[in-house]
Amino acid sequence: MKVLVINAGSSSLKYQLIDMDTVTVLAKGLCERIGIDGSNLQHKNLVKGISEKIESPMQSHADGIKLVIEALTDTEYGVIASMDEIGAVGHRVVHGGEYFADSYVIDGKVKEALKMCIPLAPLHNPPNITGIEACEKLMPGVPQVAVFDTAFHQTMPKKAYMYAIPYELYDKYKIRKYGFHGTSHKYVSQEAAKMLGKPIEELRLITCHLGNGSSISAVKYGKCIDTSMGFTPLDGVVMGTRTGSIDPAAVTFIMRNEHLDVDGIDNLLNKQSGVFGISGVSSDFRDLSAASESGNEHAQLALDMFYYSVKKRIGSGVAAMGGVDAVVFTAGIGENDGTARAEIVDGLDYMGIKIDAEKNKLRGEAVDISAPDAQVRTLVIPTNEELMIALDTVRLVSEL
Ligand code: ADP
73 MKVLVINAGS
83 SSLKYQLIDM
93 DTVTVLAKGL
103 CERIGIDGSN
113 LQHKNLVKGI
123 SEKIESPMQS
133 HADGIKLVIE
143 ALTDTEYGVI
153 ASMDEIGAVG
163 HRVVHGGEYF
173 ADSYVIDGKV
183 KEALKMCIPL
193 APLHNPPNIT
203 GIEACEKLMP
213 GVPQVAVFDT
223 AFHQTMPKKA
233 YMYAIPYELY
243 DKYKIRKYGF
253 HGTSHKYVSQ
263 EAAKMLGKPI
273 EELRLITCHL
283 GNGSSISAVK
293 YGKCIDTSMG
303 FTPLDGVVMG
313 TRTGSIDPAA
323 VTFIMRNEHL
333 DVDGIDNLLN
343 KQSGVFGISG
353 VSSDFRDLSA
363 ASESGNEHAQ
373 LALDMFYYSV
383 KKRIGSGVAA
393 MGGVDAVVFT
403 AGIGENDGTA
413 RAEIVDGLDY
423 MGIKIDAEKN
433 KLRGEAVDIS
443 APDAQVRTLV
453 IPTNEELMIA
463 LDTVRLVSEL
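When we follow our numbering, the leftmost residue of the sequence shown carries the number 73, and every step to the right adds one.
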């Protein structure tokens, strides 16, 4: 079956067409500036190795998806003869609230629940829903599946996901820890079990998704029991431009003393903070490393704060699970930045976590970087959220 994977943002739409019989990505691309002047589609045919940039006005996500289908079926740079070859569509959806602990085939009831989740992700869920409705219109009869960033974390016990605020606020607004990057944590957990040659039900894993946004999960016997992100993706470790965990009293202090309103503080915490806020240089780890090497102390401090916050989250995950069998690094930093991995696990050998300096230099593939005498395995596994979405889509569609 060929699965179209759609990730619709507010003014963008990413897609991949994956042949799941051979597990090959046939084409992928990106619609940018939807609803804005200068909208365009960048399409890559990975079978022939050709790229095409199509400048065309896109008023809506429906226009974008129409163009995507035209590109996929184009005689020159397309990869399928007709739309009928698309067996199912898998949609990335950011927030599934407490409604979705798994991916779901989309029907009227699922859409209702998706709309109920809008207050929890007001910037992300509406474009996700628009993308779904556009596909339903353009591809009637083709099953659509929703895959949620939050679903994998729904197995957390109540003591892990509740905040110690008046209980009525949980009842009223469903304020609690949800966790994000669930598709990535699930994918690398499954891949780790394969690499270790053990059933996932026998493994205690710490999965570290370290990118612009970062989160660390404790995955015990295949189920997430805790994760570092919270009610929103602002919580947890220090990130590119986000604070991570911070004393909430510092937030009210800053608002009062800097005369910031709600939007002002939201912007400060989400966009002006993290390693960018500390260094004043960049949110990109490559820039920070370069700045630190040329003597920028704030850049080095930002890096040290990031490493330290991840190290502490690994420790708390191990405490939550009562031990650990493997630590997994993934995403931009986790997959590529050997210095970050080495700094993060430095000093954790008393827990059995120890990496081999030579193996830690390998890049671009799934690799076990543990030292020969380490009791806990440390793995680097490239994440693949699109493939995870397609796998879930095939699983659910084959049950129909
Ligand atoms: P996103 O959360 O946007 O998906 P990514 O997973 O792509 O983010 O991660 C982006 C981060 O990964 C950036 O901080 C970038 O500096 C870092 N990164 C990417 N490649 C490398 C590399 N080769 N060395 C160090 N850091 C890298």
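Cβ coordinates follow ideal geometry from the N, Cα and C atoms, glycine included. Note that the structure is a prediction, hence the values are computed from the model and not measured.
Those residues that have a beta carbon less than 5 Å away from any non-hydrogen atom of the ligand ADP are, in order along the chain, 283, 284, 285, 356, 357, 358, 403, 404, 405, 408, 409.
Note that the C-beta distance between residue 115 and residue 127 is not below 7 Å. Along the length of the stretch 397–426, whole alpha helix (DSSP H) runs at least 4 residues long occupy 403–408, 410–417, reported in chain order. Sequence-distant Cβ neighbours of residue 207 in its own chain, meaning closer than 7 Å and more than five residues away, are 78, 137, 161, 216. Counting along the chain, residue 385 sits inside the alpha helix (DSSP H) bounded by residues 369–393. In this structure, residue 169 keeps its C-beta atom at 7 Å or more from the C-beta atom of residue 195. DSSP places residue 353 outside both helix and strand once states are collapsed to three, so it counts as coil. DSSP places residue 220 inside the beta strand (DSSP E), whose first and last residues are 216–220. Look at the beta carbons and you see the stretch 283–301 touching the stretch 250–268: at least three pairs across the two are nearer than 8 Å. A straight line joining the alpha-carbon of residue 305 with that of residue 299 spans about 11 Å. Just so you know, the alpha carbons of residue 302 and residue 148 end up roughly 46 Å apart.
A Cβ-Cβ separation of about 7 Å places residue 314 in contact with residue 285 under the 8 Å criterion. DSSP, read as helix, strand or coil, puts residue 173 in coil.
Three or more Cβ pairs closer than 8 Å define a contact, and the stretch 263–277 meets that threshold against the stretch 396–410. Taking a contact as a CB-CB distance under 8 Å, the pair residue 466 and residue 75 counts as one, their CB atoms being some 6 Å apart. For residue 94, DSSP assigns no beta-bridge partner whatsoever. In the DSSP secondary-structure assignment, residue 87 is bridged to 78, 101. Of the candidates 228, 186, 133, the residue whose Cα lies closest to the Cα of residue 220 is 186. DSSP, read as helix, strand or coil, puts residue 160 in strand. Looking at the backbone, the Cα of residue 92 and that of residue 119 are separated by about 15 Å. By the Cβ criterion, the stretch 100–110 is in contact with the stretch 80–92, since at least three pairs of Cβ atoms, one from each stretch, lie closer than 8 Å.
If you draw a 10 Å sphere on the C-beta of residue 95, you find fewer than 16 other C-beta atoms in it, and that means exposed.
Around the beta carbon of residue 133, 16 or more other beta carbons sit within 10 angstroms, so the residue counts as buried.
Between the stretch 386–394 and the stretch 268–279 there are three or more C-beta pairs closer than 8 Å, enough to call the two in contact.
Boundaries of the alpha helix (DSSP H) around residue 133: 133–145.
One Cα belongs to residue 455, the other to residue 88, and the distance between them is close to 15 Å. According to DSSP, residue pairing for residue 116 in a beta bridge involves 100, 123. Membership of residue 323 in the alpha helix (DSSP H) is indicated by the continuous run 320–330. In this structure, residue 436 keeps its C-beta atom at 7 Å or more from the C-beta atom of residue 381. In this chain, the beta strand (DSSP E) harbouring residue 298 covers 295–299.
Around residue 458, the same chain offers 77, 88 as residues with beta carbons nearer than 6 Å, after the five sequence neighbours per side are excluded. Under the three-state reduction of DSSP output, residue 209 falls in the helix class. CA-CA distance, residue 462 to residue 176, rounds to 12 Å.
In this structure, the straight-line span from the alpha carbon of residue 357 to that of residue 415 is close to 14 Å.
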